[in-house]
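*Asks:*
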Amino acid sequence: KELTIAMKLYTLISALLLLIPMVLGRICLKDVSVQYLKRGTTRVSRTANCYYHCIFAFHTRIVDSSYTAQTCELASKTELRSECCDGYAKNSRGECLPVCEGGCINGTCNAPNQCGCAEGYQLRGNRCLPVCDVECVLGVCTKPGQCTCLPGYTKQTDTECVPVCETPCENGRCIAPNTCECDHGFEKYWFSDYQCLPKCDPTIADCSYGTCVAPNRCRCAVGFVFRGHRCVPQCDTTCVNGDCTSPNRCTCKEGFSTSSGDSNVCVPICASGCQHGTCVGPNTCQCSGGYNAT
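Just so we're aligned: the sequence shown equals residues 1 to 294 in full-length UniProt numbering.
1. Should residue 205 go down as buried or exposed, given a rule of 16 or more other Cβ atoms within 10 Å for buried?
2. Mind checking residue 121: buried by the 16 CB within 10 Å criterion, or exposed?
3. Return yes when the Cβ of residue 139 is within less than 8 Å of the Cβ of residue 129, no when it is not.
4. Assuming contact is defined by CB atoms lying nearer than 8 Å, are residue 172 and residue 158 in contact in what I supplied?
5. Could you tell me the boundaries of the beta strand (DSSP E) in which residue 90 lies?
6. When DSSP labels each residue in this structure, what does residue 164 get in the three-state scheme?
7. Pull up the CB-CB distance for residue 101 and residue 113, whole angstroms please, since I reckon it's below 8 Å.
8. Have a look at residue 291 and residue 262 and give me their C-alpha separation to the nearest angstrom.
9. Find the nearest neighbour of residue 199 within the set 133, 189, 209, 216, judged by alpha-carbon distance.
10. Give the C-beta separation of residue 256 and residue 282 to the nearest angstrom, bearing in mind that I take them to be a contact with Cβ-Cβ under 8 Å.
11. Starting from residue 216, follow the beta strand (DSSP E) in both directions and report where the run begins and ends.
12. Could you check which residue in 210, 250, 103 has the C-alpha nearest to that of residue 229?
13. Using C-beta distances below 7 Å, list every residue in its chain close to residue 237, excluding the 5 sequence neighbours before and after it, in chain order.
14. Give the range of the beta strand (DSSP E) segment to which residue 53 is assigned.
15. Unbroken alpha helix (DSSP H) runs of length 4 or more, entirely within the region 120 to 186: which are they?
16. Below 8 Å on the Cβ atoms is my guess for residue 42 versus residue 75; work out the distance and round it to an integer in Å.
17. For my contact list, residue 224 and residue 247 are in at a C-beta cut-off of 8 Å; report their separation, rounded to the angstrom.
18. According to DSSP, is residue 189 helix, strand or coil?
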């Protein structure tokens with residue numbers, strides 16, 4: 001009696017193990033074409049000529065014979081079998097598991113084409129992508145809470161990437177990989193992408209006789225001094241009746257010429273001379289005492 005109960009219990013458990021996957025929709029009953037060896041028999045007949053010698057002569061006799069032979073052929077038949085339902089496939093242990101197209105990287109395939117993501121990942125489409133609490137600036141979230149910078153960028157903080165310029169930007173800032181933007185008041189040098197030179201507006205700082213060393217700021221060449229908005233020549237001695245046109249060089253005004261021995265003093269010229277008087281202006285005489293101009 002105990003043996004009978006055990007057999008019934010075993011049968012019940014086996015049925016449950018078969019029914020549970022079927023209830024879950026993993027195993028389906030399907031008509032399956034199965035190949036098998038079909039065995040049978042066939043009667044084989046044959047005829048042969050028999051030659052024999054009798055009474056000093058050769059004779060021929062036709063002999064008929066037959067026998068039963070075994071046959072074997074490959075045939076097909078349809079059987080009702082339990083197979084994995086659509087969307088499921090057998091693993092190495094013969095279990096029917098759900099299939100997700102492309103696989104469930106960073107997750108588990110819970111149902112056909114339905115992924116359940118691991119902790120730290122979020123389902124987008126049919127992919128489990130890592131989640132970063134703070135947006136990755138100029139980078140990509142490659143692991144939960146971890147940013148990887150795009151090519152040409154490097155990490156400044158855990159979640160922020162900044163561009164890299166192989167040559168440091170002079171008087172500017174790196175705004176993209178190997179791309180500099182000049183600071184205000186500076187402009188790109190024509191033969192360098194990384195060097196920004198100060199810019200001087202000629203109406204504010206004319207550096208024709210000097211060098212622009214800062215935005216709208218000149219450093220005058222030797223012998224020049226900054227006056228007004230430009231570099232002008234400097235004469236150590238004031239030019240009398242003339243203009244300082246180059247360092248320590250005076251150019252006389254029209255009607256004047258330099259006096260002998262003093263290049264910074266220009267004296268008036270009187271073409272006809274001033275007899276009994278003094279040339280006080282271009283072609284202008286001042287008579288000495290007791291004389292009048294004629």
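Backbone N, C-alpha and C fix where the C-beta goes; we use that ideal spot for every residue, glycine too. Computed from a predicted structure; not experimentally measured.
*Replies:* Reading off the structure:
1. With 16 or more neighbouring CB atoms inside 10 Å of its own CB, residue 205 falls in the buried class.
2. It counts as buried.
3. Contact flag unset, no.
4. It is not a contact, given that the beta carbons lie outside the stated cut-off.
5. 88 to 90 is the extent of the beta strand (DSSP E) around residue 90.
6. Coil at residue 164, not helix or strand.
7. Confirmed, about 6 Å.
8. About 30 Å.
9. For residue 199, the closest of 133, 189, 209, 216 by C-alpha to C-alpha distance is 216.
10. For a cut-off of 8 Å, the C-beta gap from residue 256 to residue 282 is around 7 Å, short enough to register as a contact.
11. Element bounds for residue 216: n/a, residue is neither H nor E.
12. That would be 210, whose Cα lies nearest to the Cα of residue 229.
13. Taking residue 237 as the centre and dropping the five residues before and after it, the same chain places the C-beta of 264 closer than 7 Å to its C-beta, in chain order.
14. Its beta strand (DSSP E) spans residues 27 to 53.
15. The region 120 to 186 is shown to contain no whole alpha helix (DSSP H) run of 4 or more residues.
16. By a beta-carbon distance limit of 8 Å, residue 42 does not contact residue 75. Their separation comes to about 15 Å.
17. That pair is a contact at about 7 Å.
18. Coil, per DSSP.
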